[in-house]
Structure formats: C-alpha cells, structure tokens
C-alpha cells in the first residue's frame, strides 16, 4: 500500500483541481502582477518622462535670469523654453493653455548673489507630476552651472555627475518587486490553503472519520502540508520560466526555487499550527493573515530579508553569503516543521 | 404569515445580537494571546529592521568595483542599491567599474541600470556635501519657490447639459494630448480659487503670506491632506519632490484593506451555516430567510461603517467620504454573501473572496486616477472621496451617479443570495456556475418575473459598460468604438437571456416556441424600462464623450434627435427581438442556447453600429 501521506496529498491536490481553485489562483496572480506592472510602469514613466519622450513640457521663461534658465532648459530633453518679456505676459500665457500650450512658468531674478526662481505649475494630478519632474531637472542643471561659477568659495568641489544613460526604469522593478511578488504570493496562498484544509476537516467533523482509517493525525497533517508546500515552488518555477520566455533572465533559478520551498515549508507549518490551536476557521484565517501581513512586512526592514534575497539571486548580484542565507531559511523552515510535529503529537486528536 | 415591520426588526435585532455573541465567544483567551504574540513578533522584527536601516528592497542589487580612494566611493557606499566591491575584483563579477577618472559599463541592461543608479547616488551625495558648506550662497545658488495653480476646473462643477459642441470636442481632444485645459474657465464660476489670488507681481518668493510655507524643504506631502497640491513652498532644486499622483491608490488600500478582514469573517460565518446543516435549525424557526440574512449581516455592516469612519477621520475626510465608501462596502458584503452561498468549501470561498477583493480594488482605484481629467472617473466612488478631501464640491447628481449603481448592485446581490438561502440549495454541493443558475431561477416563478429580473440586471450591465468605457478610454477612438459596441451587446444579451435559460433548464416553463417568444418579449420589455434609468449618466456629462455616446447612444440616452415616436421605440423593438432569439434557443437546450445567443449578439452589434454611424 502506498504511503498514506502521499494519498492524502494527492486527494488534496485533486480537490483543488476539481473545484478549479488552482485556475483561479493562477489567474489572480497574473492579474496582480499585471496590475502592479501597469501601475509601476505608469508611475516610473511619470517620474522619468524622458522615457516616454513624446510629451514636451512648454515652459514660459521671464525675469532677468532668463538666459541662464534658457541654457539650463536646453540641456534637458523634453523641455521647450519660450521667452516672454516680463512675468505678467508669461503668466497670462500660462493661464490660456489652450491657445499658448504653456505648461509652466519660470521667473528668475538675480539678487544677493543668488538666483531666485519662482515656478508655477498647473494643479492637475498626473500632468503636475510630469511637469514638476521636468522642471526639477532644469533647475538642477541651473544649480550645477551656478555652483560651478561660485566654486572658488566652496571648500569641497561637487563630484562630477556620471553620464546620463537610457536605462529602462522597468528593469529594477522587475527584479526587486515583480519576481519577489510572483515568488511569495504562492507561498501565502499555500499557507491559506493549509489553514482551510485542516479547519475544514475539523468543522465538517470528517477528521474523525479520517482517524478511523489506519492513519495517525501526524500523517494527516503531513499529507495536507505536503500538498500545500510543493505547490508554491512549483508555481514559482512556472512564473520564472514564463519570465525568461518573456526575456527576463533569472540568474539563479535553482536557488530561488529552493528558497521559495524553504519559506513555503515555514509558512505552511505555521499555518497548520494556527489551524490546530485556534478554535474555529474564522479565527485561524484571521490570525494567519494578520501574522503573515505583519511579520512578512516587518522582515522587509531587515538585511537579507526574503524579498531582497530573491531579488539579488534573480538579478545575479550575489556574494559568498547567498548560499548561507538560503541554507539558513531552510533550517528555520525545517525547525518550524519539527516544532509542528511535536505539537501534533501533543494535541488530543479526539478533542478536535 | 404577514407580520408587522416591528416584528421583523425585533427578529433581525435578536439574530444580530446572537451573531455578535457567538463571534465574540470564539475569540477566547488563547486566541487573544496568539494575536498578541503575532503582534509582538511583528513589532520586534520591525524594530530590529528599523535599527538596521529602513526598507530597502533593492539593497545591493548592483555591484560596483571601486577603490576607497575614488571620489565616487562615498557616494556609492551611501547608496543602498549599489554594492561597493574592491577594485581588485574580476571585471566580469561587477556591473560597473569606477577607475581613476573613468567609468566602465558594458552594454547590458543591468549595467545601464547600475549607471543610472550611480548618477542618482552622486546627485544625492553632492547635495549632502553642499549642506556642510559654510558659504550658503555659493553652495545653494538657486532658490526655488514652487506654486501649484488651478487653471480652472477641468470638470465643470454643475450639470453640463448646456455645454456646446465646442466643449465636447475639447474633451475628446484632451484624451489624446493628456492636457487638462478647459474651455469653461472664462466664466470664473469654477470651483477652485482664481489663479491670481496668491500671486503678487514681480516677487513670488519673499511674501510671507502663504500659510503652508516651509523654508527647509520643498517636499510636497504625499498624503498630508490627500490634496498634495494645496501649498506653495521654497527650497533648493534638489528639495523638489514631485507630487504622488495616485493618492487614490493609497485611499483604495486605506479603505479596502481593513474591509477585507471584516468580509473574511462575514464569508466564514455565512458558509458555516451551510456546513453540517447547521443553518437548518435557524431555517425551521419562525423567521424568514431575509430576516436571518439581515440579522447576520447587520453586525458586519456596522463594523464596516465604523472602520470606514475611522479611516475617513484619519485621512481627513468628512461625511461625504463615508457616504461614498459605504456602497463599496455593501457590494463587498453582498458579493461575499453570494460567494459563501455558492462555494463548496472554505478553500473555494477564500479564493472567491480574494477575487472579489481584487476586482473591487481595481474597479474603484483605476478610474479615480483620472479624477481631474475626465468625468469617467466618477464611476468610482473613490473619486468622490478624492474630491471631498481636496475641497472640491460634489453635486448631488454626481453622488447619485457614482454610488447609485453600487447601491443597486448590493441590493440585487443580496436578493440573489437570499433566493438560495433555503434548504434545497444551502446543503447541496454544486459547481459555482450551476449554483448561479439556481439562484437566478429562484427568482423566476411566473413569466412576468422574467421582466423583473431583466430590469434588476441593469445596475450590473451599467457597471460592466462603464468599466469597459474606462478600460478602453486610453485607446484611439476608431478602434475602441466597434469593440465597445460588441462588448455592450454581449453584456446586455447575457443579462436578458441567462435567467430565461436557467428557468428553462429547471423545467419552470413548457419548452415551446410560443412560451419562449413570450418570455423573450417580457425580458426585452423589462430591460428596456430599466435602461431608461441609465439616463442618470447625463447628469455628469458622460454622453459628451465619444465612447459614452457609443455605449449609451443606441439605447436612446442623451440623444436629442430621437423625437419621432418610432425611433423612440426602436430600442424596445431591438431588445424584444434579440431576447426572443436567445429565448427560443434557450428552450431547446444548452447548445441551441449558445448558438442563438451568438446570433442575438450579432444582431445587437449590427443595430448599435448602425445607430452610432447614423448619429455620428
């Protein structure tokens, strides 16, 4: 006869596929990933309008520092300076955007050895951000040029800024957010599945029937845990395959899958513990989701946290400690699992 | 058995009290202790992390070979994303190499990303170094004062029915250029302050009258009062931090994440009734299923309102904010209730809840980004919250347009769920789509019910069509109009025929062509009547958008040219004909239904295209 743990795990997985839950899970993950990409790509292109390049910011410039401002504006791609004789005409041009196309006003005055610039930008959500980002770029160029003129009075010279490059802002996001998201969502879902699988048997009273069969409570918990734990690394592997087909190279796929497996064991064991000690499924789910939300959110502050570790493994910027970190997570995962087993031994199965 | 209203209220109150007592009972000392442990653990993790230096998801993702003597070394060491390696390292093991007066980057994406990061790091480092300088004038030679000016509201405050063709073409043009200039600003009646109010000629930086002046930093608070644009401030160029444009995202999460916990518990308690026939005891008591559902929902609704009020106070919102978020909460509860009635297991319920939550979050969040750009934003009640927080007024018409569909959806969802709150449905295991058909059938017992269900489907149809408009809004008009017309036809035909199909499948009516035609006609009539209510869209000027015209025009909404009685009745004829087609198919079984449904959609799309091209 086959190992009862395998039988239970197989039954769990088949119930997932029968209810089409697994399809819903994958679709949801895809949706969350697409949604966050949409958001971040939108955000990033806003904060870095040079990327989209199609949007020109037309700036009305006036005041006695006009020449310096125009010179700085010409340095920045996507900014089109228009010189006006005085502030009043510039402002009135700004207030008739449909006719003049002016998006912002810069009025520069030289006084007391400084340049005082007053900027006016339109107050309208998305456009404001684009305009402000571009203006900042212009003003930083101006600041650098003015500093250069006054460098005799400075003790330290500013370090030369390295050359600008056309790097995709999406690149960093893919590795620091998207890949970790796709790796850890399955882990949280597996934990939630463990809670549901165990508390459902309890609430329906079917755990009693299962215990009449020649299996121990430990084997039941093991079987359910097995099904949930293996799902997460399998999904992580699937997402990474899809990402590499899409042109995103994952540097250390094996280490990432091992890490996801270790965390999956850790989270699912904790979930099983919560399900066994809580009186009811509602309480268990609540404790589990609060715990995961806070503890996992908290770890992002710590060096070598799971998110950062996956990001560094995937992007290929690891050092000698990487293998050690992955091993450490595996040890913690196994430790929690061992603790769970001893807890199951102590639980009075008939009281459940 | 007819009972008075007070009897009903008494029963509802008793069940609500019982529900609260039972839920409180499950939170025993042990659970509380565990929650405390989880919180302490999280606090401990977070505080050790905070000591270690804050959130940095991108810590050390780019490796840079650099010697400690290099002028760039300090800048690199201070950037979390850059990992300084000794210059002796193999060049293949680093993404950037900083030598004496040169920087080596290869052509890989990673290398370029690392270089961009180095560029940012050096700028930050320079600003930091300048802060230590004695000579402030030389270190910060440029002083900027930034002012956010309202150039006339882009959404006119009142009803826009009086707006001429000029205004509607202006709106269509805006969608291409991303501009928000508006033609209506000359009237001076727009909501915001006039542009000149805070501007003194010649000198914008030294007048000390601006209330929110902060000389140290120019950072616009991302969420201080949600309206990040209210203030004016002064500082060096490096201090400018662009406003976060997605205040609505933060709002969506601030309001919806706490809701998730309430809804999770609510779904659990509803599904609990269905496990081991527990709910049967309550069903045999002399109370109606409606009372049971109302009583069990009441505590959770109260919790939701309480949470919403707390969040609203925290972000600085008023009564309007709470009133705008309430319908979202109601739909959330309603959808979860239906989910709990359909789900076969806790696992299925968990994922139905997550799916509902994800959908609601995106539906409320995405349109609200465009709060100041287009009236489409008003399909999300969160837009009302954004406007409430930024001090812009919300008219009654806008409020009804925004929240009305949500309220109606919630009512219909609860009606749908309550329909299957009976023994034969609660304690059987069927797949979700079949349960859905059962739930529809539960409301159809006489032919005229068919018309009523069609009418009740209107809020969902409306929401689906608005969502389609919002999604297609960004694409060019030539492409979106046909796609939109097809989607509209699909949604409307489904709404008109699904319950007819369900009723036939359940053997509710004789499967004859005559019955089918009668049911189809009734369904079309009900839908036609309900559709007239979508005229509320006119209040906010949605029909002036090209897409709005495409979606709503064929039903006769907002189109003045339909003066002849024959044309007025054209939509009625359409709905009756197409509903008849699909009903005849539905009477013959599933395959025929699928086929006739496609025919009906094709007829509907053709009609829509004709109407739009004739009008256009």
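Residue numbers (full-length UniProt numbering), protein chains in the order written: chain C, 1 to 352; chain Y, 1 to 616.
We put the beta carbon where it would ideally sit given N, CA and C, even for glycine.
- Shown in chain order are the members of the segment 182-214 of chain C whose Cβ falls below 9 Å from a Cβ of chain Y: 189, 192, 193, 195, 196, 197, 199, 200, 203, 204 and 205.
- Each residue's CA atom was taken as its position, placing residue 307(Y) and residue 114(Y) some 44 Å apart.
- Collapsing the DSSP output to three states places residue 143(C) in a helix.
- The shortest CA-to-CA distance from residue 240(Y) to any of 270(Y), 327(Y), 292(Y) and 127(Y) is the one to 127(Y).
- Collapsing the DSSP output to three states places residue 424(Y) in a helix.
- At a C-beta separation below 7 Å, residue 123(C) has these neighbours in chain Y: 148, 149, 150 and 229.
- Here residue 21(C) is buried, its C-beta having at least 16 other C-beta atoms within 10 Å.
- The alpha-carbon separation between residue 330(Y) and residue 460(Y) amounts to approximately 14 Å.
- It is roughly 44 Å from the alpha-carbon of residue 522(Y) to the alpha-carbon of residue 14(C).
- Among the residues of the segment 150-162 of chain C, those with a Cβ less than 7 Å away from any Cβ of chain Y are 150, 153, 154, 155, 156, 158, 159, 161 and 162, in the order of the chain.
- Every unbroken stretch of the beta strand (DSSP E) spanning 3 or more residues and falling wholly within the segment 56-122 of chain Y is given here in chain order: 62-66, 82-85, 96-98 and 103-105.
- Under the Cβ criterion of 8 Å, residue 315(C) is counted among the residues facing chain Y.
- Judged by their CB atoms, residue 120(C) and residue 105(C) are nearer to each other than the 8 Å cut-off.
- In the three-state DSSP reduction, residue 118(C) falls in the strand class (E or B).
- Within its own chain, the residues whose Cβ lies closer than 6 Å to the Cβ of residue 256(Y), once the five positions on either side in sequence are excluded, are 361, listed in chain order.
- Here the segment 337-348 of chain Y makes contact with the segment 191-199 of chain C; the two share three or more CB pairs at distances below 8 Å.
- Between residue 346(Y) and chain C, the shortest Cβ-Cβ separation is below 8 Å.
- In this structure, DSSP gives residue 279(Y) a helical state, which the three-state scheme calls helix.
- The beta-carbon of residue 11(C) is placed no less than 8 Å from the nearest beta-carbon of chain Y.
- For the pair residue 389(Y) and residue 577(Y), the Cα-to-Cα distance works out to about 48 Å.
- In the three-state DSSP reduction, residue 84(C) falls in the coil class, being neither helix nor strand.
- Near chain Y, meaning a CB-to-CB distance below 7 Å, the residues of the segment 291-318 of chain C are 291, 294, 295, 298, 299, 300, 301, 302, 303, 307, 308, 311, 312, 315 and 317.
- Spanning the alpha carbons of residue 6(C) and residue 329(C) requires a straight line of approximately 25 Å.
- Contact of residue 5(C) with chain Y is not assigned, every C-beta pair being separated by 8 Å or more.
- Of all residues in the segment 70-103 of chain Y, only 71, 72, 75, 83 and 103 come within less than 7 Å of chain C when Cβ atoms are compared, listed by chain position.
- A contact is defined here as three or more CB-CB pairs under 8 Å, and the segment 243-260 of chain C meets this definition with respect to the segment 312-327 of chain C.
- 516(Y) is the residue among 491(Y), 490(Y) and 516(Y) whose C-alpha sits nearest the C-alpha of residue 502(Y).
- Taking each of 300(C), 280(C), 8(C) and 295(C) in turn and checking the Cα distance to residue 205(C), the smallest one comes out for 280(C).
- For the C-beta of residue 140(C), the chain Y residues within less than 8 Å are, from N- to C-terminus, 123, 237 and 238.
- For the segment 262-282 of chain Y, the beta-carbon criterion of a distance under 8 Å to any beta-carbon of chain C is satisfied by 264, 265, 268, 269, 272, 275 and 276.
- Residue 156(C) sits exposed, since fewer than 16 C-beta atoms from the chains shown fall within 10 Å of its C-beta.
- The C-beta of residue 83(Y) has 16 or more other C-beta atoms within 10 Å across all chains shown, which makes the residue buried.
- Between residue 251(Y) and residue 611(Y), the alpha-carbon positions lie close to 40 Å from each other.
- Where residue 147(Y) is concerned, there is no enclosing alpha helix (DSSP H), although the beta strand (DSSP E) around it starts and stops at 142-149.
- Residue 531(Y): member of the alpha helix (DSSP H) spanning 513-531, first to last residue.
- Contact holds between the segment 286-294 of chain Y and the segment 8-20 of chain Y, because three or more Cβ pairs, one in each stretch, are under 8 Å apart.
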